[in-house]
Structures are given as C-alpha cells and as structure tokens.
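Protein chains: 2
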Amino acid sequence: VLTVADIGEQGLIERIKPFCEAGSIGDDAAILDVAPGHRLVVTSDMLIETVHFSDRTTPPFSVGWRAVAANLSDLAAMGAVPLGVTVALGLPSSTRWAWLEDLYRGMAACLRSHGGAIVGGDFSRAAQRTVAITALGQLRPAEAIYRHTATPGMSVVVTGPHGASRAGLALLQAEIEVNGADEETLAAAQTWIRAHQEPLPRLDVIARMRSLIEPGSQVAIAGMDSSDGLANALWQIAHSSQVGMDIVRSRLPLPPHLSAVVGPEQALDWALYGGEDFELVLCLPTELANRLQGIVTVIGTTNDSSSVELVDAAESRSLSHESFRHF
Amino acid sequence: VLTVADIGEQGLIERIKPFCEAGSIGDDAAILDVAPGHRLVVTSDMLIETVHFSDRTTPPFSVGWRAVAANLSDLAAMGAVPLGVTVALGLPSSTRWAWLEDLYRGMAACLRSHGGAIVGGDFSRAAQRTVAITALGQLRPAEAIYRHTATPGMSVVVTGPHGASRAGLALLQAEIEVNGADEETLAAAQTWIRAHQEPLPRLDVIARMRSLIEPGSQVAIAGMDSSDGLANALWQIAHSSQVGMDIVRSRLPLPPHLSAVVGPEQALDWALYGGEDFELVLCLPTELANRLQGIVTVIGTTNDSSSVELVDAAESRSLSHESFRHF
Chain A
1 VLTVADIGEQ GLIERIKPFC EAGSIGDDAA ILDVAPGHRL VVTSDMLIET VHFSDRTTPP
61 FSVGWRAVAA NLSDLAAMGA VPLGVTVALG LPSSTRWAWL EDLYRGMAAC LRSHGGAIVG
121 GDFSRAAQRT VAITALGQLR PAEAIYRHTA TPGMSVVVTG PHGASRAGLA LLQAEIEVNG
181 ADEETLAAAQ TWIRAHQEPL PRLDVIARMR SLIEPGSQVA IAGMDSSDGL ANALWQIAHS
241 SQVGMDIVRS RLPLPPHLSA VVGPEQALDW ALYGGEDFEL VLCLPTELAN RLQGIVTVIG
301 TTNDSSSVEL VDAAESRSLS HESFRHF
Chain B
328 VLTVADIGEQ GLIERIKPFC EAGSIGDDAA ILDVAPGHRL VVTSDMLIET VHFSDRTTPP
388 FSVGWRAVAA NLSDLAAMGA VPLGVTVALG LPSSTRWAWL EDLYRGMAAC LRSHGGAIVG
448 GDFSRAAQRT VAITALGQLR PAEAIYRHTA TPGMSVVVTG PHGASRAGLA LLQAEIEVNG
508 ADEETLAAAQ TWIRAHQEPL PRLDVIARMR SLIEPGSQVA IAGMDSSDGL ANALWQIAHS
568 SQVGMDIVRS RLPLPPHLSA VVGPEQALDW ALYGGEDFEL VLCLPTELAN RLQGIVTVIG
628 TTNDSSSVEL VDAAESRSLS HESFRHF
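The structure is reproduced here in structure tokens:
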C-alpha cells in the first residue's frame with residue numbers, strides 16, 4: 001500500500017498539482033486578484049478526524065467535499081463569491097495515497113460545482129488527519145451580510161430544511177435505521193446521508209438574491225449560516241443585532257419523512273440543534289423575502305424584544321442557546 | 328487550572344478578541360481591503376506539537392511568534408507586505424488557558440513588529456496542539472518574487488547567517504552545550520536560541536530593496552525563504568529557473584562562534600541543511616546586490632550549468648538536495 005511517507009513531501013506536491021489551480025503551486029505563496037471595487041473575504045475552518053469525521057461515516061471524497069463546502073458556506077453567509085482556497089493538511093505517515101487522492105477529488109469537485117480553486121497549502125506529519133482550509137472570496141462593499149444588522153420587523157428566512165445532516169449521521173452511526181421502510185422513506189434517508197456527507201454551500205441563493213436587488217441599491221440583510229445549528233444561528237443573529245424573534249414552529253422546514261421515522265420531537269430537536277446543514281439563516285425586508293418565494297422559507301419575524309421564541313398555536317417557548325460544543 | 332474545555336468556544340472567542348483586529352471577529356468570515364493596483368498574496372502553514380514544537384524547546388509565546396513569523400517569511404519571500412492572518416487551532420481539551428493566552432501574545436507581538444493583524448480563525452478539539460495559520464499580503468504586480476525567474480549571471484545573496492536556528496534547537500535539546508565557555512560564546516548561544524524560538528521574517532529587506540528600485544521599473548528578482556534549509560532553497564531556485572549556481576563556501580555567513588563550539592564541518596552542515604532560519608535567498612542583478620551591501624551577503628553567482636556547486640580553493644562538490652523531511 002502506497003503511503004504518504006513513501007511519497008514524501010515533494011512527491012505529494014507533484015501528485016496534487018492536477019487538483020490545484022494551474023501555476024499556483026511551487027512558490028512560497030500564491031498570488032490572486034481581487035476585482036476592482038471589491039473587498040476581500042476570508043474564513044478558516046479546521047476539520048479533525050474523530051471530532052468532525054471518521055472513516056465509518058465519511059469516505060475521503062466526502063471529507064474533502066465537506067471541508068470545502070463548510071468554508072464556501074461561510075463565504076455565502078457573508079454574501080461573497082469564492083476566489084480560491086488554501087489547504088493545510090496534517091497526516092499520519094501511514095495515510096494511504098488513495099485516501100489523500102480521494103480527499104483532493106472531493107475538494108476539487110465541490111470547488112468545480114460552486115466556484116474557486118485550490119491555490120496553495122501545506123503538508124505536515126500529524127497524529128490525526130487534520131484538514132485546515134482557508135477560503136477567500138470577494139464582494140462589493142454594499143453586498144456584505146453581517147450578523148449584527150437585523151432590525152425589528154424583518155422576515156426571518158431559511159434556505160432549506162434543517163435536521164437532515166444530523167439524521168444522516170444517525171443513519172451512518174446506526175443510531176436510527178430505516179430497514180423495511182417504504183421506498184419513499186428509503187429514498188429520503190439517502191438524501192439525509194448525502195446532506196451529511198456532501199452538503200451544498202448556498203452560494204446559489206446569494207446569486208439569486210443579488211439578481212433581484214437593483215445594482216447600487218443598499219438593501220439591509222443580516223444573517224449567517226446554520227453550520228452550528230439553526231437555534232444557534234437564530235440566537236447569534238438576535239444577540240448580535242439586539243433584536244428578538246418569533247419563530248413559528250409549524251413553518252420550520254423539516255426533511256420529508258423525518259418526523260415519521262424518528263418522531264416529531266426528535267425531528268424538531270435535530271432541526272434546531274443538529275447542526276451542519278449549511279443552509280443560510282437570513283433576516284430580510286419582507287418585500288425581498290416575498291420575492292424569494294420558492295427559494296427561501298419564511299419561518300418568523302424579528303421584533304424589539306430580547307428573546308428568540310418558538311411559537312405555535314398551543315404554546316410558546318424560548319429557544320435555548322445550545323450548539324455543537326467544540327471542546 | 329483553567330482549561331479550554333472549562334471556557335468553551337464562545338468564551339474563548341471573547342477572551343482572544345483583545346489580540347485580534349477590532350471588529351473582525353464575530354461573523355462567518357472577515358472582510359479586508361486589498362489596495363487598488365495590488366494583487367493578493369496568500370500562504371498557509373501548519374505547525375504541530377511534537378513535530379514542529381514541544382514544551383521542552385518552545386514556550387507558547389515562541390510557538391505563536393514562530394507560527395506567524397514562518398507565514399510572514401513566506402510573504403516576504405514573494406515580495407509582499409502583510410495584510411492579516413487567520414489562525415485555526417486544534418487543541419486538546421486539557422490545554423490550559425495560560426498556554427493559549429501566551430500563544431496569542433506571541434502571535435500578536437510578531438504581527439505588531441512586522442505588520443498585519445489576526446482577522447479570523449477557528450477552534451477545534453484535537454489530540455495534538457495544532458496551529459494552522461494563513462497569511463494574507465499584497466504587492467504590486469511588478470514586485471512579485473518567484474523561484475523560476477533566475478537567469479545566468481545573477482548574484483546569489485542571503486539576508487543573514489544560516490545554522491543559528493538548528494544550533495539553538497541543539498542547545499535546547501542538550502545535544503550540544505556551552506557550559507564554561509567565555510562570555511562572548513555564551514551571548515552568541517543566546518542568539519541561536521532566539522533564532523530558533525523567535526525568528527525574524529525579513530520583510531525589512533524587501534522594504535529596503537523596494538526603496539532602492541525606481542517605482543515602475545521592472546527588476547528581475549528570483550528567490551524564496553530558507554525555511555527548509557539553505558541548500559534546499561538554492562536547489563529549488565536553480566531547479567525552477569533551470570540555472571546552475573556556484574556557491575562560495577567561505578562566503579556563507581555562519582553564526583559567530585558556532586564553528587568554535589561544534590566544529591567547522593558541523594557548522595557548515597547546519598548552515599546548509601539545518602533549516603528554519605527564515606532568511607531570504609535571492610538572485611539579484613549584480614548592480615542591485617552591490618547597492619544592498621551591508622544588508623545582504625553575496626554567496627555566489629548563477630550560471631548556465633545545471634548543478635549547484637559548493638566551491639572553495641581546495642575542492643568543489645555538488646550540494647545534494649536534502650531538506651527537512653515532513654513525513
């Protein structure tokens with residue numbers, strides 16, 4: 001079996017070149033261009049084996065895809081368009097080249113679909129497989145999306161269902177199972193696994209939203225992505241903007257068939273706290289939210305209180321601030 | 328003892344804010360500006376405990392300093408000026424806050440001295456302390472320094488002595504000792520330790536060189552930094568540029584007193600292969616090299632052969648391509 005130790009650093013650099021932007025590898029740093037009139041956007045994420053992925057739940061192609069997708073999702077959350085990524089890898093000497101090649105295939109595939117290219121990186125020996133990605137993007141100054149700019153009276157929207165990634169993980173870890181279920185449920189279960197392994201950064205929603213906003217006009221949009229859970233995103237935006245929110249329980253888009261498989265309480269819990277769905281959570285002027293019908297789902301409104309309430313016909317309860325704990 | 332697990336991710340973000348660019352932390356990504364007419368330069372490095380540093384040889388302040396210095400050195404090697412860095416950290420739950428605070432102190436101190444600020448990052452649980460830094464810089468298109476642009480007849484220069492970092496490591500690991508040596512040697516030994524723990528990125532040389540070149544004039548400069556060893560840098564430049572080099576052994580600047588302590592052969596070996604001195608190795612037009620007298624040391628010339636030769640009065644030998652092996 002060919003390992004990274006057999007190949008050595010110079011050999012690895014040669015082997016990964018086909019996955020990288022032509023001409024970008026081989027100097028101490030890479031050179032890129034930010035378009036005139038644009039600002040630079042930068043975000044870094046680190047994925048670590050056993051903490052963020054394992055061979056049991058995530059094949060190397062998916063590790064690469066997810067690592068890039070998580071970073072591109074952060075760019076989307078800022079309203080930016082991708083320029084490129086750097087990839088610093090920590091690898092045990094015994095890591096197989098086949099694993100690494102699939103990792104690069106996954107990263108390159110996600111970049112090909114969503115924009116950007118690998119422009120640099122680093123290899124290091126490590127006890128655990130470690131993937132540290134920095135993504136670079138650009139935006140016009142008026143297009144930046146922050147967490148702290150929500151105001152009372154905005155529509156709170158999400159770009160897709162929540163809880164699917166957590167459900168996919170549960171399936172992969174045999175925490176739940178769908179054996180013997182009908183075909184539709186089995187097909188739905190496959191989409192949960194895919195949501196966990198190869199999430200889609202919602203750059204498409206940003207592009208669509210831009211196309212609806214007249215160039216030069218300043219439309220206040222607040223938001224972030226839901227990588228640490230929907231409840232966390234709602235809480236972060238509310239807290240940063242010093243607004244409250246009423247979120248209507250029945251409007252939360254859940255993955256089809258999930259409630260039937262795990263029960264409505266578990267499905268709701270995963271939707272709120274599961275994390276890693278990589279959708280966008282945005283506060284928009286109601287008029288813009290209406291024009292985005294079919295692309296986003298309105299789940300509530302901002303108000304001048306100081307709490308995020310989950311409301312429905314029967315009861316109202318405050319959303320606690322639970323999230324994926326990193327330590 | 329207060330650990331990172333006690334503090335949690337949100338608490339850590341609050342605690343490191345004083346070390347970061349004001350206003351840059353708190354969104355999914357940071358926003359920066361590249362000056363008009365400038366290109367963006369980006370480089371990533373990963374430092375891992377037991378591979379690149381250990382408590383025995385590198386206190387946390389120095390781990391932070393070195394991690395930033397290594398990245399700024401890559402920017403200097405491209406001819407760029409720093410804009411900022413992102414810092415992704417992998418930490419065991421038991422990591423003490425005091426360790427982390429000193430790490431940030433070291434990073435901030437190096438940035439304060441040499442330019443740039445911490446603009447973003449990520450925390451993750453990990454088995455080994457892992458520091459992944461991405462540095463961003465900018466340059467005017469004509470100022471970029473590449474490895475592949477050397478031509479025959481240029482002066483090969485270095486910006487300082489080589490071997491000091493390796494000698495400092497040897498002292499810290501008790502591989503060599505200077506007990507009972509005279510005061511001058513003891514003082515020199517302290518500079519070797521400092522060279523290992525807190526190397527200086529040579530952005531000053533780039534700034535000085537720019538001040539000597541008329542704005543708008545295109546002067547061909549090739550080069551890289553010597554982080555993986557002087558021999559490696561010479562070999563990489565020669566190989567990328569398809570030139571040969573004659574390097575004059577007696578002109579190689581060694582750290583004062585090193586030959587006396589470890590013998591001339593060991594000193595030469597460390598100068599060529601020790602690595603991590605983070606000086607610049609440049610190929611310059613001879614006229615420019617002459618104007619940089621006192622700032623750089625001319626160690627040889629490029630030629631149209633295909634080998635890098637170490638020459639002196641007695642003998643000539645080819646420099647083999649040994650370097651710090653990452654796996």
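Sequences listed follow chains A and B, in order. Take 1 as the starting number for the first sequence in the working numbering and just add one per residue. Take 328 as the starting number for the second sequence in the working numbering and just add one per residue. Beta carbons are placed, not taken as given, at the ideal position from N, Cα and C, and that holds for glycine.
With 8 Å set as the bound, which would you pick, yes or no: does the beta-carbon of residue i sit closer than that to a beta-carbon of chain A?
i        : result
Arg474/B : yes
Thr370/B : yes
His463/B : Residue identity differs from the one stated: residue 463/B is Leu in this sequence, not His. Yes, its Cβ sits closer than 8 Å to a Cβ of chain A.
Ile564/B : no
Leu481/B : Reading the sequence as shown, one finds Met at residue 481/B and not Leu. So no, Met481/B is outside the interface.
Ala522/B : no
Ala471/B : yes
Val635/B : no
Please determine whether the Cβ atom of residue i lies at a distance below 7 Å from any heavy atom of the ligand ZN.
i        : result
Ser307/A : With respect to the ligand ZN, the structure offers nothing, as it holds no ligand at all.
Any Cβ of chain B within less than 8 Å of the Cβ of residue i?
i        : result
Arg39/A  : yes
Met78/A  : yes
Ile13/A  : no
Arg325/A : Because Arg325/A sits at a pLDDT of 45, beneath the cut-off of 50, its placement in the model cannot be relied upon, and the following sentence gives the value as read from the coordinates. Output row for Arg325/A: interface = yes.
Leu32/A  : yes
Ala88/A  : yes
Ala67/A  : no
Ala188/A : no
Leu2/A   : no
If residue i sits next to residue j, beta carbons under 8 Å apart, how far is it from one beta carbon to the other, in whole angstroms?
i        : j        : result
Leu91/A  : Val41/A  : Not confirmed; about 28 Å, so no contact.
Ile540/B : Leu609/B : So it is not a contact: roughly 13 Å between Cβ atoms.
Gly443/B : Ala415/B : 16 Å between Cβ atoms; not a contact.
Glu9/A   : Phe123/A : 5 Å
Val156/A : Thr286/A : Not confirmed; about 10 Å, so no contact.
Gln465/B : Val408/B : 6 Å
Thr205/A : Thr159/A : Note that residue 205/A corresponds to Val in the displayed sequence, not to Thr. The Cβ separation is near 5 Å, so the contact holds.
Ala126/A : Leu258/A : Not a contact, Cβ separation roughly 36 Å.
Starting from the beta carbon of residue i, find every residue of chain B whose beta carbon is closer than 8 Å, and list them in chain order.
i        : result
Gly120/A : Val369, Thr370, Ser371
Val51/A  : Ser451, Arg452, Ala453
Does DSSP put residue i in a helix, in a strand, or in coil?
i        : result
Gln266/A : helix
Ser94/A  : coil
Gly64/A  : helix
Asn617/B : helix
Gly411/B : strand
Leu611/B : strand
Met224/A : strand
Asn630/B : strand
Arg366/B : strand
Glu21/A  : coil
Leu637/B : strand
Gln138/A : strand
Asp246/A : strand
Gly8/A   : helix
Val484/B : strand
Ser44/A  : strand
Leu103/A : helix
Asp122/A : strand
Leu32/A  : strand
Any beta carbon of chain C sitting closer than 8 Å to that of residue i?
i        : result
Leu402/B : No chain C appears in the structure shown, which is made up of the protein chains A and B.
In chain A, which residues lie with their C-beta within 8 Å of the C-beta of residue i?
i        : result
Met551/B : Asp27, Asp28
Name the chain A residues whose beta carbon is nearer than 9 Å to that of residue i?
i        : result
Thr457/B : Met46, Ile48, Gly90, Ser124, Ala126, Gln128, Thr130, Ala132
Exercise. For the region 343–354 of chain B, which residues have a CB atom closer than 8 Å to at least one CB atom of chain A, in sequence order?
Worked result: Gly353, Asp354
Exercise. What residues from the region 556–581 of chain B come within 8 Å of chain A, judged by C-beta to C-beta, listed N to C?
Worked result: Ser567
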